[in-house]
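Asks: One structure coming up, written as structure tokens, with questions to follow.
Residue numbers (our numbering): 2 to 71.
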């Protein structure tokens, strides 16, 4: 499901925030290969256009107040 999705998806570890898995659609959306994205962290991500909102949502994940976001 992850790899066949028409929606860009990633998995990242905490607290390092390093991408551990990216699907083909996410690669297409960002213009990066999977290898390039796996060398980046969430904070380096080209998807973090609204940084304040992204950081609020990330804080909720780290505090255990949520287990995912989109």
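The beta carbon of each residue, even a glycine, is placed where N, CA and C say it ideally should be.
These numbers were taken from a predicted model, which means no experiment stands behind them.
#1: Once you ignore the five residues that flank residue 43 on each side, which residues in its own chain have a CB closer than 6 Å to its CB?
#2: Would you mind stating whether residue 59 and residue 16 have Cβ atoms separated by less than 8 Å?
#3: With H, G and I counted as helix, E and B as strand and the rest as coil, what does DSSP make of residue 54?
#4: Hey, how far is the Cα of residue 35 from the Cα of residue 26?
#5: Roughly how many angstroms separate the alpha carbons of residue 53 and residue 5, rounded to a whole number?
#6: Determine the burial state of residue 23: buried for a count of at least 16 other Cβ atoms within 10 Å of its Cβ, exposed for fewer.
#7: Where residue 11 and residue 51 are concerned, what is the direct C-alpha to C-alpha distance, given to the nearest angstrom?
Replies: In this structure, then:
#1: Position 42 of the chain shown, counting from 1, holds the residue named residue 43. The answer, listed in chain order, is 13, 18.
#2: Along the chain shown, one-based indexing puts residue 59 at 58. Along the chain shown, one-based indexing puts residue 16 at 15. In this structure, the beta-carbon distance from residue 59 to residue 16 does not fall below 8 Å.
#3: By one-based count along the chain shown, residue 54 stands at place 53. Residue 54 falls in the helix class under three-state DSSP.
#4: The residue given as residue 35 occupies position 34 in the chain shown. The residue given as residue 26 occupies position 25 in the chain shown. If you take the alpha carbons of residue 35 and residue 26, they lie about 10 Å apart.
#5: What you label residue 53 is simply residue 52 of the chain shown in a count that begins at 1. What you label residue 5 is simply residue 4 of the chain shown in a count that begins at 1. Those two C-alpha atoms are separated by around 30 Å.
#6: Within the chain shown, the letter at position 22 stands for residue 23. With 16 or more other Cβ atoms within 10 Å, it is buried.
#7: As a working note, residue 11 is residue 10 in the chain shown. As a working note, residue 51 is residue 50 in the chain shown. Distance between the alpha carbons of residue 11 and residue 51: 17 Å.
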